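Quick note, the sequences are listed as chains U and F, same order.
181 is the number that full-length UniProt numbering gives to position 181 of the first sequence; each next residue is one higher, with no gaps.
53 is the number that full-length UniProt numbering gives to position 53 of the second sequence; each next residue is one higher, with no gaps.
No residue lacks a Cβ here, since even glycine has one placed at the ideal position from N, Cα and C.
Note that this is a predicted model, so its numbers are computed, not measured.
There are 2 protein chains.
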Amino acid sequence: MPRTKGDHDARRRDVSEAVWRVLAAHGFGGLTMRAVATELGATTGLLTHYFPTKRDLVTYALDLLDTRSASRPRRTAGTGMSAVRAALLDILPLTGDATVSNRIWVSSWDTALADPELSDDYARKYARSRDKLRDLVAAAQESGELPAGDPARIAAGAQSFVLGLVVQALFAPETFPPDRQAELLDDYLAALVSLPSPNDGRAVRT
Amino acid sequence: MPRTKGDHDARRRDVSEAVWRVLAAHGFGGLTMRAVATELGATTGLLTHYFPTKRDLVTYALDLLDTRSASRPRRTAGTGMSAVRAALLDILPLTGDATVSNRIWVSSWDTALADPELSDDYARKYARSRDKLRDLVAAAQESGELPAGDPARIAAGAQSFVLGLVVQALFAPETFPPDRQAELLDDYLAALVSLPSPNDGRAVRT
DNA sequence: ATTCACACAACAACCGTTATGGATATGTAC
DNA sequence: GTACATATCCATAACGGTTGTTGTGTGAAT
């Protein structure tokens, strides 16, 4: 029984949620046409209507993951160092939603690494994320909260740290509860702050 | 044509290498009975003889990944801080072999995260790795190269950093060539060293 | 004679994809 | 407004291909 025009947008939202539920339940490796269809209470005929091919489904799922992650409620970022901290905290699996999102995210790496095109897409995505972080770092440096040094380099390091912490927290949630993750992040940030400026010798010369 | 008894161990080694080649070529998602069999120039009959079920193959592949990673030629570890640095460098995808190994490793996370049992296995594996790192950190602290502080906490942070760097380097090899990875790691270690001791106030009181 | 190490063949289940057809909405002619 | 052509939305069913698994048979080793 087809829907009316007014219901069409609602149906699109239903499809999104079905895709999300499948991803959350079985990861990216378990993302199949039929799984989404049955999760939707429909058949593959509907799915092929929205996604002519499997790759379309995968790309859509990747976009969905990106969108869902981006539209997650963010901390109200302050300025300088606290903005950096907030941005990094927002990545970590501190809530149930963030955990689900991160789990899907990590599980997508298998698919992404196997496909050069998707791999490039991911590389660009991470590069953009690093750029945003770099700007925050540069701002924290200008406010004097962070010692001098290539902001891009510091951002790359911070992103690595958070990324790795995500993975460890996903595999061992009891070992890395939210407060421990925040603790470790604060350790990292404290180390960054305490670092003597390498490029900028003013503090030494004065 | 069956083999003789003397060839049996050789055959087991052949199986290992076939599994490894399949993993290297198609990742963990492409690990199938038939793929390994054809890679071996044999049929599935042989495979089921060595691995009665798929799960056995997967578990074996996970173990193989662990073994191959562990038996990779390691840097001759010095003492104290240089030992910590060597251990962390050994994880990074700095060589072709290490890149292949790490790629397989990351691709296995999809499978592992979808299966609670495998997930636990990984958690234990990482915990053991953190423990070894913790001992190295503690040694570096005793030699005075690293400020005081919970060595387990420092090890967890360092492991996170390296893990995340691995992921980023795999997706953007041109952005993270070997020397840049080493650079970033050294930045991290420098920050660790420069950190004033939190628990131990001696330096301040003197 | 029994066990082992395989080849070979087949199975049911699942995958992505395609074709067919029917129900509903939309547009157009009168 | 009514009548008809067209397009959209979706169920149903089937296709060939691949998967994990099982069973049978056969030659060599013990």
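Taking a Cβ-Cβ cut-off of 8 Å, A42 (chain F) has no neighbours in chain U, whose nearest Cβ is about 25 Å from it. Looking at the backbone, the Cα of D131 (chain U) and that of D14 (chain F) are separated by about 46 Å.
By the CB criterion at 8 Å, A61 (chain U) and V19 (chain U) fall inside the cutoff.
In this structure L31 (chain U) is in contact with L57 (chain U), their Cβ atoms being roughly 7 Å apart against a cut-off of 8 Å. When Cβ-Cβ separations below 8 Å define contact, A190 (chain U) makes contact with chain F.
Shortest Cα-Cα distance from T95 (chain F) to any of F:Y126, F:P177, F:D187 involves F:P177.
Taking the C-beta atoms as reference points, I91 (chain F) is found no nearer than 8 Å to V137 (chain F).
Interface with chain U (8 Å Cβ-Cβ cutoff): V58 (chain F) is excluded. Counting only the Cα atoms, A35 (chain F) lies some 28 Å from P173 (chain F). In this chain, D115 (chain U) is not harboured by any alpha helix (DSSP H), its DSSP state being neither H nor E.
Note on the region 31-92 of chain U: whole alpha helix (DSSP H) runs with a minimum of 4 residues are 33-40, 44-50, 54-70, 80-91, in chain order. Under the DSSP assignment, S160 (chain F) falls in the alpha helix (DSSP H) whose first and last residues are 151-171. Classified as exposed, T67 (chain U) has fewer than 16 neighbouring CB atoms from the shown chains inside 10 Å of its CB.
Look at A148 (chain F) here: in three-state DSSP terms it is coil, with no helix or strand label.
Among the residues of chain U, those whose CB is under 8 Å from the CB of P196 (chain F) are S194, following chain order. D110 (chain F) is positioned such that its CB atom lies closer than 8 Å to that of F28 (chain U). Below the 8 Å Cβ cutoff, chain U contributes G27, R103, V106, S107, L170, F171 as neighbours of L113 (chain F), in chain order. Burial check for S160 (chain U): the Cβ neighbour count within 10 Å reaches 16 or more, so the residue is buried. Close to Q141 (chain F), with beta-carbon spacing below 8 Å, lies no residue of chain U; the smallest spacing is near 15 Å. The closest CA to that of L23 (chain U), considering only U:V84, U:R180, U:G164, U:V100, is found on U:V100.
At a beta-carbon threshold of 8 Å, none of the residues of chain F lie near D90 (chain U); the nearest stands roughly 16 Å away. Residue-level contact by beta carbon fails for F51 (chain U) and chain F, as no gap is shorter than 8 Å. Three or more beta-carbon pairs separated by less than 8 Å are not found between the region 106-122 of chain F and the region 78-88 of chain F, which leaves the two stretches without contact.
Below the 8 Å Cβ cutoff, chain F contributes F171 as neighbours of S119 (chain U), in chain order. Counting only Cβ-Cβ distances below 7 Å, G96 (chain F) has no contacts in chain U at all, with the closest Cβ about 16 Å away.
Of the candidates U:L64, U:M33, U:P147, U:A77, the residue whose Cα lies closest to the Cα of H49 (chain U) is U:M33. Collapsing the DSSP output to three states places L195 (chain U) in coil. L185 (chain U) is not a Cβ neighbour of A156 (chain F), given a cutoff of 8 Å. For R11 (chain F), the closest of F:L46, F:A25, F:E117 by C-alpha to C-alpha distance is F:L46.
Taking 8 Å as the cut-off, the Cβ atoms of L146 (chain F) and S194 (chain U) do not count as close. The three-state secondary structure of T111 (chain U), taken from DSSP, is helix. Contact annotation: A191 (chain U) and L192 (chain F) have beta-carbon atoms nearer than 8 Å. For L62 (chain U), no chain F residue has a Cβ inside 9 Å of its Cβ, as the nearest lies near 13 Å away.
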